[in-house]
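Heads up: the sequence lines are chains A and B, in that order.
Just add 34 to the spot in the first sequence (first one is 1) and you have my numbering.
Just add 655 to the spot in the second sequence (first one is 1) and you have my numbering.
Here a beta-carbon is modelled for each residue, glycine too, at the ideal position from N, C-alpha and C.
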Amino acid sequence: MSEFHYAVNVLPKPGILDPQGRAVEQSLPHLNVTTVSRVRVGRRVELTVTADAESEARRVVDGLAQELLSNPLIEAYTVELLEATSSVVSTADSAAKVTRS
Amino acid sequence: MRIGVVTFPDSNSDVDALNALAVAGVEPVSLWHESPDLQGVAGIILPGGFAYGDYLRAGVIARFSPVMRGVSDFAAKGGYVLGICNGFQVLAESRLVPGALLRNRSLRFACKLVAIKPERLDSPFTHKATGAPLRIPIAHGEGCYYAADATLDELERDGQVLFRYVRPDGEPALEPDDPANPNGSLRAIAGVCNAAGNVAGLMPHPERMSESILGSDDGMQLIGSFVESARAWETGR
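Below is the structure:
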């Protein structure tokens with residue numbers, strides 16, 4: 035088994051009212067910033083999936099992103115793979131850890 | 656007759672809803688979020704509050720709670736379900752009513768009396784209303800009703816828009832920045848129902864205006880309609 039570490043980035047869909055983005059944008063003149071526009075504020079969720087293969091892990095993340103992490107009516111998401119680590123731990127090792135804790 | 660009110664972690668208007676049902680003359684039953692058992696109730700209210708802390712998005716975590724399995728089955732059988740404020744958000748996230756509730760345009764939590772008007776008086780949730788504007792409080796941060804334009808057209812065509820925010824002259828506050836539209840809802844929509852007409856949600860709190868000691872019993876026009884519909888449904892089973 036391996037562990038796949040993902041980030042799911044959720045943003046309001048284009049055209050959907052984003053009052054937080056607008057509020058950030060309206061604060062920019064106070065910082066004397068005049069070159070920044072089209073601010074959108076969303077949410078980033080990081081999570082780790084244990085699976086045999088990346089394709090399998092990706093299916094789990096996509097399912098979660100559609101069902102829970104985003105509302106497809108108003109939000110769009112992208113998935114980023116941040117890190118994949120092989121986690122082959124023998125039964126003896128696991129047992130030893132449990133005993134120590 | 657027994658009508659249930661679901662209590663989620665961080666529900667805060669469940670007791671008000673239970674009280675309003677008692678005032679309406681039915682036996683209020685408290686339903687716990689961890690059990691899908693609806694205890695034989697004839698109707699269900701999903702109350703206001705911040706279910707599961709409103710984490711991630713208002714209403715979304717509640718959607719996956721055991722009680723909502725029971726509520727979905729109940730709604731599919733034609734039972735009447737009324738979602739108030741956070742309950743409306745839970746219904747929308749559960750896809751039991753159309754649309755979504757976005758952050759208020761003002762970005763402020765809105766807590767005040769508003770005027771709403773029933774769009775139709777022949778629905779299970781409004782048939783005991785007079786048709787005059789109702790003064791009912793709101794208390795929410797995410798109440799800006801949104802659906803795609805085509806969906807909004809369908810909802811209007813099919814009579815699924817139940818309530819709109821209205822100006823002092825009684826006309827809908829259609830412009831999102833109209834002060835009578837407290838959250839910027841599209842087409843001033845304050846409440847909708849599903850296509851079958853047995854599941855409805857609204858942002859204002861009728862249970863908080865359910866007896867004159869609270870300042871007004873305007874809300875009882877809606878609670879009373881819902882209770883009567885539930886009674887007819889139970890009798891007809």
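Notebook entry, point to check: What residues of chain A sit near residue 712(B), judged by a beta carbon separation below 8 Å?
Noted result: 105
Item checked: Segments of 4+ residues assigned as alpha helix (DSSP H) that fall wholly inside the stretch 783-837 of chain B -> 804-812
Check: Does the stretch 723-738 of chain B come close enough to the stretch 755-768 of chain B that 3 or more CB-CB pairs lie under 8 Å?
Finding: no
Checklist line | residue 65(A) versus residue 109(A) - alpha carbon distance | finding: 29 Å
Item checked: Beta carbon proximity, residue 809(B) to chain A, threshold 8 Å -> no
Next item on the list: Please state whether DSSP places residue 143(A) in a helix, a strand or coil.
Entry: The first residue shown for chain A is 35 and the last is 135, placing residue 143(A) beyond what the model contains.
Item checked: For residue 705(B) and residue 672(B), the rounded distance between their alpha carbons -> 15 Å
Checklist line | Complete beta strand (DSSP E) runs within the stretch 840-878 of chain B (minimum length 3 residues, chain order) | finding: 844-848 and 854-857
Notebook entry, point to check: Taking a cut of 8 Å between CB atoms, which residues from the stretch 52-73 of chain A lie near chain B?
Noted result: 53, 54 and 57
Notebook entry, point to check: What does a CB cutoff of less than 7 Å around residue 692(B) pick up in its chain, not counting 5 residues either side in sequence?
Noted result: 725
Margin query: Any beta carbon from chain A within less than 8 Å of residue 850(B)'s own beta carbon?
Written below: no
Notebook entry, point to check: So what's residue 677(B) in DSSP terms, helix, strand or just coil?
Noted result: helix
Notebook entry, point to check: By Cβ distance below 8 Å, which residues in the same chain neighbour residue 44(A) in space, the five residues on each side in sequence not counted?
Noted result: 76, 77, 78, 79, 99, 103, 104, 109, 110 and 111
Item checked: Residues in the stretch 750-777 of chain B having any Cβ partner in chain A nearer than 8 Å -> 754, 755, 757, 758, 759, 760, 761 and 762
Check: By DSSP, does residue 46(A) sit in helix, in strand, or in coil?
Finding: strand
Note to self: What does the alpha-carbon distance come out to for the pair residue 674(B) and residue 864(B)?
What the structure shows: 11 Å
Notebook entry, point to check: Out of curiosity, what's the CA-to-CA distance linking residue 19(A) and residue 120(A)?
Noted result: No answer is possible for residue 19(A): it lies beyond the span of chain A, which begins at 35 and ends at 135.
Checklist line | the stretch 822-841 of chain B contacting the stretch 736-749 of chain B, beta-carbon criterion three pairs below 8 Å | finding: no
Check: How should residue 928(B) be labelled, buried or exposed, when 16 other C-beta atoms within 10 angstroms of its C-beta is the threshold for buried?
Finding: The displayed coordinates of chain B run from 656 to 892. Any statement about residue 928(B) would go beyond what the structure contains.
Next item on the list: Return the chain-ordered list of same chain residues with a C-beta closer than 7 Å to the C-beta of residue 822(B), the five sequence neighbours on each side being excluded.
Entry: 828, 833 and 835
Margin query: To the nearest angstrom, how far is the alpha carbon of residue 709(B) from that of residue 703(B)?
Written below: 11 Å
Checklist line | Endpoints, the alpha helix (DSSP H) within which residue 730(B) is located | finding: 721-731
Notebook entry, point to check: Just curious, the alpha helix (DSSP H) that residue 760(B) is in, first and last residue?
Noted result: Per DSSP, residue 760(B) belongs to no alpha helix (DSSP H) and is neither H nor E.
Note to self: If I follow the unbroken beta strand (DSSP E) through residue 78(A), where does it start and stop?
What the structure shows: 77-85
Next item on the list: Return the chain-ordered list of same chain residues with a C-beta closer than 7 Å to the C-beta of residue 872(B), the five sequence neighbours on each side being excluded.
Entry: 864, 865 and 866
Notebook entry, point to check: Using a beta-carbon distance below 8 Å, is residue 127(A) in contact with chain B?
Noted result: Below a pLDDT of 50, predicted positions are generally treated as unreliable, and residue 127(A), at 47, falls in that range; the measurement from the model is reported next regardless. So, not an interface residue.
Checklist line | Interface partners of residue 45(A) on chain B, CB under 7 Å | finding: The contacting residues do not exist; residue 45(A) stays about 13 Å from chain B at best.
Note to self: Strictly below 9 Å CB to CB, what residues from chain A border residue 799(B)?
What the structure shows: 51 and 53
Check: Under 8 Å between the Cβ atoms of residue 807(B) and residue 841(B)?
Finding: yes
Item checked: Among 783(B), 798(B) and 773(B), the one whose alpha carbon lies nearest that of residue 765(B) -> 798(B)
Next item on the list: Kindly identify the DSSP beta-bridge partner or partners of residue 882(B).
Entry: Answer is none; residue 882(B) lacks a bridge partner.
Next item on the list: Determine the closest residue to residue 723(B) out of 744(B), 697(B) and 688(B), with distance taken between C-alpha atoms.
Entry: 688(B)
Checklist line | 8 Å Cβ cut-off: residues of chain A touching residue 715(B) | finding: 102 and 105
Note to self: Since residue 772(B) and residue 788(B) should fall inside the 8 Å C-beta cutoff, what is the C-beta to C-beta distance between them, to a whole number of angstroms?
What the structure shows: 5 Å
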